[in-house]
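Undergrad: Protein chains in written order, with the working numbering: chain P, 1 to 604; chain C, 1001 to 1217. Each residue gets a CB set at the ideal place from its N, CA and C atoms; glycine is no exception. My questions all concern the structure below.
Take a look at the structure:
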């Protein structure tokens, strides 16, 4: 191993741990704050950092300068690279269009909300409703893509690529800078409150727990009481080790150490990092150096997940036993029996997926899905069962019997406080993230995006290529990682919504659901999967071909559905809010005179 | 005396209630869960959007309508009515001394007995000596105060007012609610002034309504 291998190993582990912990913090925030919002409450959002105006302006402007300069530098540096010029041109043009309409939309929205303050504001307002910017941007996105596709190969196409390349980079930089400048000019107050939608609140809460009293009951087993939160927290985090978060990185073969500039003390061995920015063949075979984007490349894959995920039970059971409290003991017992019950379903549902993919390695499962079809289309029942079982495994509503407040105070962590309590609490959220990441990898195609192959975008149905766009390897991998992150967060959000919606089961209902419904259903899923695999294997090549077309159609379905969801969501965001205005009481009349409650000063 | 009740289980009297209709969709559990998630999500998205984009209700102006109606106190405040009785203040004379003449009307009128005044005579030679006294200490226990406003009504000199528009703030300890004279004199009315609208005439002024030292009585 050379220096860069250590760097990669550390970087991957760091990424995974940071991803799990940060998403867990985000979930804590979303669970408290947005869980309140759906009950028409504001929720915790009080934590604030007051920044002096200059600092706030710098925070807004300097990153924008960095991004703009980076884009220009990228365009300048890759000017001569003929092979990936087309891909880079599309990237720059689309990025520029996106930034332009987004900046315009934000400015128009804020102008509409507070009224125009300058001639520029008036100009923006004269352009029309904020929605105009979004729909105009959408049309520009599609239009530029279409024109580029139509002109491909002709001399006009060359000119268009050139315009896209240069104009895209320039427009991108200009839009980013002008947006940041506008934001800077809007900052008029002496100090700017950094609230981040209330995101600082979980940070403040986390800090608070570190300073709280660490109470241990007098007759408790001090050692086990202290170690239980760690036993609960650790496995939840490390199971992410085998989950791949991106496609394999292909490096070139170098004859000697490559000079990495400022970090040249890191020895690269025979690895050539420059190949990252070029394209790789579609079949995905790396002739030289391949770096898998997963922390450990274990051949037992899923078994590692089961081995460690089951360990979390021990933490809960130990906590219950060592607290010297009957409620804790009851909670620990409930946790142990519940998790043992659902562990069975958890394992059996995945056997179907393992049969389908023919491997235990999660990265190969993802690759199978990228080449064929997402797991959710071949294992729909398996997905639902696994989802239910993993919600039960993370001991969350509606399966939160081990900590049922109405019955056993707080269950196995009744006697915990301060950071130890926070670790239990956090372990629950990390478990949500890890189970979502695993589900995303096994059922939602992991890092694979519809129609994206190793060398670019290939929109094809049954062998007929409709659209091809070559892209460098780095772009594909980054898009894949982003896709994986988005899928994981979407699954996390569904888990949160379930928590916000469903009431808690009774204990007998919980056991009945686990043993009498989910378990038989997972066994049935196993049998049906086996029969289906046998049928496909014994069928002729025409069936295989038809299945290939169907799998392409599912990819098209996912792609179109995903884009439609995004468009509908932005349309929803842009819809004006309609409130009934009912000024009835004297207080309301007084408030109306004072300009409303939202702007009223302290002395009223 | 009524008949002694027979031992054993009583016969339940009542009309049978029809069980709720259980369609396969309800029994299947998953469709109903999906419907519930949909309702949750619709509330969530609407409220989250209105919070993030600043399109929230004004709970006073819009009445209690759908969506988040909470006021984010203290950044946002419900305006108090014009005649709201807030924390007391002691009004000033033109020279900055308290208008209070330590007549003890307010502390006498106070039903909560939360006002304590220590009166004193002006020094010999002061033109006010012999006509009025001044408070050495003027203490109000804002925790005891019931905000009835009797002290304001009772004051003959317009020296104590409750027009600050500020409610008693929460503090850490009881001592902090004991407002001394200096603190009470530092508050202003809603218009920002520390004086009173009513004119005051000092002894010796023209038109001074009280007894005049130069005239014999």
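Return no unless some Cβ of chain C is closer than 8 Å to the Cβ of residue 672 of chain P.
TA: Because chain P spans 1 through 604 in this model, residue 672 of chain P falls outside it and cannot be assessed.
Undergrad: So what does DSSP say about residue 251 of chain P, is it helix, strand or coil?
TA: Here residue 251 of chain P refers to the residue found at position 251 when the first chain is read from its first residue. Strand.
Undergrad: Look at the alpha carbon of residue 1178 of chain C and the alpha carbon of residue 426 of chain P, and state the distance between them as a whole number of angstroms.
TA: Along the second chain, read from residue 1 onward, the residue named residue 1178 of chain C stands at position 178. Along the first chain, read from residue 1 onward, the residue named residue 426 of chain P stands at position 426. Approximately 44 Å between the Cα atoms of the pair.
Undergrad: For the beta strand (DSSP E) holding residue 470 of chain P, just list the boundary residues, first then last.
TA: Translated into the one-based positions of the first chain, residue 470 of chain P becomes position 470. Element bounds for residue 470 of chain P: 464–470.
Undergrad: Would you tell me roughly how many angstroms separate the C-alpha atoms of residue 118 of chain P and residue 109 of chain P, rounded to the nearest one?
TA: Sequence index remark: in the first chain, residue 118 of chain P carries index 118 (1-based). Sequence index remark: in the first chain, residue 109 of chain P carries index 109 (1-based). C-alpha separation (whole angstroms): 15 Å.
Undergrad: State the start and end residues of the unbroken beta strand (DSSP E) segment that holds residue 163 of chain P.
TA: Residue mapping note: residue 163 of chain P aligns to position 163 of the first chain, counting from 1. Segment 155–186 is the alpha helix (DSSP H) holding residue 163 of chain P; no beta strand (DSSP E) there.
Undergrad: Does the beta-carbon of residue 430 of chain P have 16 or more other beta-carbons within 10 angstroms, so that it is buried, or is it exposed?
TA: As a working mapping, residue 430 of chain P is identified with position 430 in the first chain. Result: buried.
Undergrad: How is the alpha helix (DSSP H) around residue 1038 of chain C delimited, first residue to last?
TA: On the second chain, residue 1038 of chain C is found 38 positions in, with the first residue counted as 1. 1030–1052 is the extent of the alpha helix (DSSP H) around residue 1038 of chain C.
Undergrad: Leaving out five residues before and five after residue 1051 of chain C in sequence, what residues of the same chain have Cβ atoms less than 7 Å from its Cβ?
TA: Residue 1051 of chain C sits at position 51 when you count from the first residue of the second chain. Counting only Cβ-Cβ distances below 7 Å, and skipping sequence neighbours, we find 1068.
Undergrad: Residues in the same chain with beta-carbon distance under 7 Å from residue 1184 of chain C, minus the five sequence neighbours each way, listed in chain order, please.
TA: Taking the second chain and counting its residues from 1, one reaches residue 1184 of chain C at position 184. The residues are 1088, 1089, 1090, 1138 and 1140.
Undergrad: Could you name the residues of chain P that residue 1169 of chain C contacts, counting a contact when the two beta carbons are closer than 7 Å?
TA: Taking the second chain and counting its residues from 1, the one referred to as residue 1169 of chain C is at position 169. Neighbours of residue 1169 of chain C on chain P: none; closest Cβ ~11 Å, over 7 Å.
Undergrad: Output needed for residue 175 of chain P: all residues of its chain with C-beta closer than 7 Å, excluding positions within five of it in sequence on either side, in chain order.
TA: Translated into the one-based positions of the first chain, residue 175 of chain P becomes position 175. Once the five neighbours on either side are set aside, the close Cβ partners of residue 175 of chain P are 96, 99, 100 and 103.
Undergrad: Could you check the C-alpha separation between residue 193 of chain P and residue 56 of chain P for me, to the nearest Å?
TA: Along the first chain, one-based indexing puts residue 193 of chain P at 193. Along the first chain, one-based indexing puts residue 56 of chain P at 56. Cα to Cα, residue 193 of chain P sits roughly 9 Å from residue 56 of chain P.
Undergrad: By Cβ distance, which residues of its chain are closer than 7 Å to residue 28 of chain P, with the 5 residues on each side in sequence left out?
TA: On the first chain, position 28 is the one that residue 28 of chain P refers to. Once the five neighbours on either side are set aside, the close Cβ partners of residue 28 of chain P are 202 and 429.
Undergrad: Assuming the contact rule is C-beta atoms closer than 8 Å, residue 492 of chain P and residue 433 of chain P should be a hit. Round their C-beta distance to whole Å, please.
TA: Numbered from 1 along the first chain, position 492 holds the residue referred to as residue 492 of chain P. Numbered from 1 along the first chain, position 433 holds the residue referred to as residue 433 of chain P. So it is a contact: roughly 6 Å between Cβ atoms.
Undergrad: Counting Cβ pairs closer than 8 Å, one from the region 396–416 of chain P and one from the region 325–342 of chain P, do we hit at least three?
TA: Cβ pair count under 8 Å is three or more, so yes.
Undergrad: So residue 1142 of chain C contacts chain P; which residues on that side make the cut at Cβ distance below 9 Å?
TA: Here the question's residue 1142 of chain C lines up with position 142 in the second chain. Result: empty, since nearest Cβ-Cβ is about 17 Å, beyond 9 Å.
Undergrad: I need the DSSP call for residue 626 of chain P, collapsed to helix, strand or coil.
TA: Only positions 1 to 604 of chain P appear in this structure, which leaves residue 626 of chain P out of reach.
Undergrad: Mind pulling the chain C residues with CB within less than 9 Å of residue 40 of chain P?
TA: As a first step, residue 40 of chain P must be located in the first chain, where it is residue number 40. Result: 1043, 1047, 1066, 1067, 1068, 1069 and 1070.
Undergrad: Between which two residues does the beta strand (DSSP E) harbouring residue 1163 of chain C extend?
TA: In the second chain, residue 1163 of chain C corresponds to position 163, counting from 1. From DSSP, residue 1163 of chain C is part of no beta strand (DSSP E); its letter is neither H nor E.
Undergrad: Hey, how far is the Cα of residue 604 of chain P from the Cα of residue 1072 of chain C?
TA: As a working mapping, residue 604 of chain P is identified with position 604 in the first chain. As a working mapping, residue 1072 of chain C is identified with position 72 in the second chain. With a pLDDT of 32 at residue 604 of chain P, under the threshold of 50, the modelled position of this residue cannot be trusted; read the value that follows with caution. Whole-angstrom Cα-Cα distance: 15 Å.
Undergrad: At 3 residues or longer, and completely inside the region 403–484 of chain P: list those beta strand (DSSP E) runs for me, N to C.
TA: List check, beta strand (DSSP E) in window: 456–461 and 464–470.
Undergrad: Between which two residues does the alpha helix (DSSP H) carrying residue 395 of chain P extend?
TA: The residue you call residue 395 of chain P lines up with position 395 of the first chain. Here residue 395 of chain P belongs to no alpha helix (DSSP H), and DSSP marks it neither H nor E.
Undergrad: Going by DSSP in three states, residue 246 of chain P sits in which element: helix, strand or coil?
TA: Residue mapping note: residue 246 of chain P aligns to position 246 of the first chain, counting from 1. Residue 246 of chain P falls in the strand class under three-state DSSP.
Undergrad: Going by CA-CA distance only, name the one from P/85, P/542, P/30 and P/394 that's closest to residue 160 of chain P.
TA: Translated into the one-based positions of the first chain, residue 160 of chain P becomes position 160. That would be P/85, whose Cα lies nearest to the Cα of residue 160 of chain P.
Undergrad: Run through chain P and tell me which residues come within less than 8 Å of residue 1057 of chain C, C-beta to C-beta.
TA: Translated into positions along the second chain, residue 1057 of chain C becomes position 57. Near residue 1057 of chain C (Cβ distances below 8 Å), the residues of chain P are 579.
Undergrad: Please list the segments of the alpha helix (DSSP H) lying wholly inside the region 326–368 of chain P, counting only runs of 4 or more residues, in order along the chain.
TA: List check, alpha helix (DSSP H) in window: 326–357.
Undergrad: Apply the 10 Å Cβ neighbour rule to residue 169 of chain P and answer buried if 16 or more other Cβ atoms are within range, or exposed otherwise.
TA: Here residue 169 of chain P corresponds to residue number 169 of the first chain, with the count starting at 1. Buried: at least 16 other Cβ atoms inside 10 Å.
Undergrad: Is there contact between the region 378–388 of chain P and the region 523–531 of chain P, where contact requires at least three CB pairs shorter than 8 Å?
TA: Touching, per the Cβ criterion.
Undergrad: Rounding to the nearest angstrom, what Cα-Cα distance links residue 358 of chain P and residue 442 of chain P in this structure?
TA: Start at 1 with the first residue of the first chain, and residue 358 of chain P comes out as number 358. Start at 1 with the first residue of the first chain, and residue 442 of chain P comes out as number 442. In a straight line, the C-alpha of residue 358 of chain P is about 12 Å away from that of residue 442 of chain P.
Undergrad: Give a yes or no on whether 8 Å exceeds the smallest Cβ distance from residue 1051 of chain C to chain P.
TA: Residue numbering aside, residue 1051 of chain C sits at position 51 when the second chain is read from its first letter. Taking Cβ atoms only, chain P reaches closer than 8 Å to residue 1051 of chain C, which makes this a yes.
Undergrad: What would DSSP say about residue 1201 of chain C, mapped onto helix, strand or coil?
TA: Locating residue 1201 of chain C in the second chain gives position 201, where the first residue counts as 1. Coil, per DSSP.
Undergrad: Contact defined as beta carbons within less than 8 Å: I believe residue 23 of chain P pairs with residue 488 of chain P. What is the distance between those atoms, to the nearest angstrom?
TA: Here residue 23 of chain P refers to the residue found at position 23 of the first chain. Here residue 488 of chain P refers to the residue found at position 488 of the first chain. Right, their Cβ atoms sit about 7 Å apart.
Undergrad: Going by the CB atoms, is the gap between residue 307 of chain P and residue 346 of chain P shorter than 8 Å?
TA: Looking up residue 346 of chain P in the first chain gives position 346. Looking up residue 307 of chain P in the first chain gives position 307. No, Cβ-Cβ distance for residue 346 of chain P and residue 307 of chain P is not below 8 Å.
Undergrad: What residues from chain P crowd round residue 1037 of chain C, counting only those whose CB sits closer than 8 Å?
TA: If you number the second chain from 1, residue 1037 of chain C lands on position 37. By Cβ distance, chain P contributes 494, 497, 498 and 501.
Undergrad: Using a cut-off of 8 Å between C-beta atoms, extract the partners of residue 1202 of chain C located in chain P.
TA: Position 202 of the second chain, counted from the start, is the residue given in the question as residue 1202 of chain C. By Cβ distance, chain P contributes nothing, its closest Cβ being about 30 Å from residue 1202 of chain C, past 8 Å.
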